[in-house]
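Protein chains in written order, with my numbering: chain A, 1 to 232; chain B, 1001 to 1402.
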Amino acid sequence: MSLIRTESLNKNFTRGDETIRAIRVLTLSVEPGEFISITGASGSGKSTLLYILGLLDTPTSGRYFLNNEPVEGLSDTELAGLRNRFMGFVFQSFHLLPRASALRNVMMPLVYGAGHGGVLSEAEQRERAISALEVVGLKDRMNHRPNELSGGQRQRVAIARAVVNNPKLIFADEPTGNLDSKSGRDILGLFERLNAQGVTILMVTHDPSIAERARRQLILRDGALVEDRRGI
Amino acid sequence: MGFREIVRLGLESLLAQKLRTALTILGMVIGVGAIVLLVSLGQGAKNYVTSEFEGLGTNLIVVQPGKSDKKTHMGPPVGAAQRKMTTADVMAIEKRALNVEAVSGLVLGTVTVRFEDAISNITVFGTNEQFPFILSVPIGRGQYFTREEDEYGRRVVVLGRNVVNELFGDADPIGQTVKLNESEFRIIGVLQPMGNKLGLDFDELGFIPTEAALKLFNDDKLFGIRAKASSRVGVDDAVAEISEILKERRDGEEDFTVLTQVSMMESMNTILNMLTYVLAAIAAISMLVGGIGIMNIMWVTVVERTQEIGIRRAVGARRVDILKQLLAEAVALSVLGGAVGVGGAVIITVGLYLAFPSFDMRAPLWIIAPAFLVAFVVGVVFGVVPAWRASRIEILDALRYE
Chain A
1 MSLIRTESLN KNFTRGDETI RAIRVLTLSV EPGEFISITG ASGSGKSTLL YILGLLDTPT
61 SGRYFLNNEP VEGLSDTELA GLRNRFMGFV FQSFHLLPRA SALRNVMMPL VYGAGHGGVL
121 SEAEQRERAI SALEVVGLKD RMNHRPNELS GGQRQRVAIA RAVVNNPKLI FADEPTGNLD
181 SKSGRDILGL FERLNAQGVT ILMVTHDPSI AERARRQLIL RDGALVEDRR GI
Chain B
1001 MGFREIVRLG LESLLAQKLR TALTILGMVI GVGAIVLLVS LGQGAKNYVT SEFEGLGTNL
1061 IVVQPGKSDK KTHMGPPVGA AQRKMTTADV MAIEKRALNV EAVSGLVLGT VTVRFEDAIS
1121 NITVFGTNEQ FPFILSVPIG RGQYFTREED EYGRRVVVLG RNVVNELFGD ADPIGQTVKL
1181 NESEFRIIGV LQPMGNKLGL DFDELGFIPT EAALKLFNDD KLFGIRAKAS SRVGVDDAVA
1241 EISEILKERR DGEEDFTVLT QVSMMESMNT ILNMLTYVLA AIAAISMLVG GIGIMNIMWV
1301 TVVERTQEIG IRRAVGARRV DILKQLLAEA VALSVLGGAV GVGGAVIITV GLYLAFPSFD
1361 MRAPLWIIAP AFLVAFVVGV VFGVVPAWRA SRIEILDALR YE
């Protein structure tokens, strides 16, 4: 039973008179527990694919089944619910709220969880967020704002936010792109630990040395899947 | 997202930019403040008129010759009567109306009053001895004239405080003789200082017996009749009795108008209420300006926080959550402005009351709830469009927005 399955996914953009085919007839399936890297030159459509799979964008045509359920036709609320409870995101530029503390940033998915059937009290939300921060080793900095944290620490806060709702899936878009190599290795180590606990991870990167750490590597060129390499 | 969370987020973002928040709510502060101030002013005017009316006495009944439309309650035009109103009418009322405690005719005129070289022009009321029981005109020294003095039209006069001061200075005026026009009158009483009541300066008046006044002005008809009902509940009965008696004496024709203090006060209040509403409506226009200010700043907020909106949506915020959050901010702005406006207006009105205690324009309590309600509605009305736009932004566009 696939966690993710796509059939002939296409995504077109129009820029002026020109139609750009960002994703071309892409068929893919992802099993639970996989750790997948997506690489390709810039403009190859790797981020677009990640956003479509992460329900932040919609395909122009083709079908997408998440957990064997078709995604097309879901309402805004249902999509928001899936993003909230089923998946987490880690972005290259962290995307933390600058005015909120690390703790409040991590609590945010739980706060919106109330709109999707969540029943946690504020105290419970706080507790959950603190233990997520503990997992990424930042419990002692939970009251700091993002601008008081280093890049690596910010990304770890973002990861804590991604996992706080115990998602099945984590989508990471160049998570180490803005970090020095030491911090990058730490982040990758975190992903590997999460994956070992059963979380499925899809990570876009342009760094071959990072891509190689994944057990499965997808390589895109001009929007098409040109290589699907499985490791040992 | 719960209500508390929404309020917390709204306040948090307003506190993050205190100066901007302060400038944004200024329009609301002025708008709500102006409404409360003007309503208080109208209310103050009403209180003032009411207390003036009541200061003149209670259960007052006014009879004027001439018939006027019942709805106006402000009396008929002077000189509209077909028949004269005379002292005989007053006697008939006094004899037959059971619910009338005191009744007097009223003759009005202006005279020149002289004592030696001092001259003053004053208004003179010609009344009978019952007049002080109808209108509160407290005697300071001496006494009001007696029934006998009235009946015989004795030339005696009771003067207001200022008239006496002008003519006699500090000297005792009681028993002195003054000239009203060319007739000599003996001063038998001086009023206590009363000041202005409903536009009439009682300190500048003189009172003489009705018959003396008719002789002085060479007239045979009354300006009107004033009466006092024996009790508050008896006012309507007294009015009915007076009407009946006067009608009978006019072969059934009702060419006179009977007004009560209550009805005059009511019509006065109607006018003042109208004035208050008009003032409040004008002030409401400034709320519009305040609302537009809020809408402006909400547009700026939405643009500035595009990326934040994207982030929130990515972690599971529904469109409606974004809508609620931004609407809450707009409402927080307008209600905050309303609170400051109400608070400021209350302080100003209390300050004015302390400075001028005779004019009580303290903000009435009932204005507070509607003022906040209006502020709330303005926040919703002017916040909903920017908030709705924010909720429609595509997540990816928002995330990429720099």
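All residues carry an ideal CB built from backbone N, CA and C; glycine is no exception.
Within the same chain, Cβ atoms closer than 6 Å to the Cβ of Ser61/A are found at Asn10, the five residues on either side in sequence being excluded.
Going by C-alpha positions, Ala41/A is about 14 Å away from Leu49/A.
The shortest CA-to-CA distance from Val1378/B to any of Thr1021/B, Arg1020/B, Val1032/B is the one to Val1032/B. Residues of chain A whose Cβ lies closer than 7 Å to the Cβ of Ile1395/B are, in chain order, Leu56.
Rounded to whole angstroms, the separation of the alpha carbons of Met1194/B and Met1295/B is 55 Å. Taking a 10 Å sphere around the C-beta of Arg1096/B, we find fewer than 16 other C-beta atoms and assign the residue as exposed. The Cβ of Glu1402/B sits no closer than 7 Å to any Cβ of chain A. Residues of chain A with a Cβ closer than 7 Å to the Cβ of Leu1399/B are, in chain order, His95.
Within chain A, the residues placing a beta-carbon under 7 Å from that of Ile1311/B are His95, Leu97, ordered along the chain. For Glu1308/B, the closest Cβ of chain A is nearer than 7 Å. As the crow flies, the alpha-carbon of Arg1312/B is around 35 Å from that of Ser1286/B.
A Cβ-Cβ separation of about 6 Å places Val1190/B in contact with Pro1173/B under the 8 Å criterion. If you keep only unbroken alpha helix (DSSP H) runs of at least 4 residues inside the stretch 1335-1365 of chain B, you get nothing at all. Residues of the stretch 116-137 of chain A whose Cβ lies closer than 7 Å to any Cβ of chain B, in chain order: His116. Shown here is that no member of the stretch 13-42 of chain A has a Cβ falling below 8 Å from a Cβ of chain B.
From the beta-carbon of Val1303/B, no residue of chain A is found nearer than 7 Å; the closest lies around 16 Å away.
By the neighbour-count definition (other C-beta atoms within 10 Å, threshold 16), Phe171/A is a buried residue. The CB of Asn84/A comes closer than 7 Å to the CB of Val1315, Gly1316 in chain B, given here in chain order. In the three-state reduction of the DSSP assignment, Gln217/A falls in the strand class, which pools E and B. No Cβ-Cβ contact shorter than 7 Å links Phe1202/B with Leu1106/B.
In the three-state scheme derived from DSSP, where H, G and I count as helix and E and B as strand, Ile1174/B is classed as coil. Counting only Cβ-Cβ distances below 8 Å, Arg1389/B has no contacts in chain A at all, with the closest Cβ about 15 Å away. Under the three-state reduction of DSSP, Ser1104/B is assigned to strand.
In this structure, the CA atom of Val1262/B is about 43 Å from the CA atom of Val1381/B. Straight through space, the alpha carbons of Glu1151/B and Ile1348/B are spaced by roughly 55 Å. Exposed is the label assigned to Tyr1277/B, since fewer than 16 other Cβ atoms lie within 10 Å of its Cβ.
Looking at the DSSP output, Asp173/A sits in a beta bridge with Val204/A. Taken in chain order, the unbroken stretches of alpha helix (DSSP H) that lie wholly in the stretch 1003-1091 of chain B and span 4 residues or more are 1003-1016, 1018-1055.
Each residue's CA atom was taken as its position, placing Gly1383/B and Ala1016/B some 19 Å apart.
Closest option to Asn1165/B, judged by alpha-carbon separation, among Ile1119/B, Glu1402/B, Thr1257/B: Ile1119/B.
In the DSSP assignment, Tyr1277/B falls within the alpha helix (DSSP H) that extends over 1261-1304. By the criterion of at least three beta-carbon pairs nearer than 8 Å, the stretch 116-133 of chain A is not in contact with the stretch 1339-1347 of chain B.
For Thr77/A, the closest Cβ of chain B is nearer than 7 Å.
The beta carbon of Val1335/B sits closer than 8 Å to those of Phe1372, Ala1375, Phe1376, Gly1379, all from its chain and outside the five residues before and after it, given in chain order. For the stretch 1340-1372 of chain B, the set of residues with a beta-carbon nearer than 7 Å to any beta-carbon of chain A is empty.
Under the Cβ distance rule, Met87/A does not count among the residues neighbouring chain B, no pair being separated by less than 7 Å.
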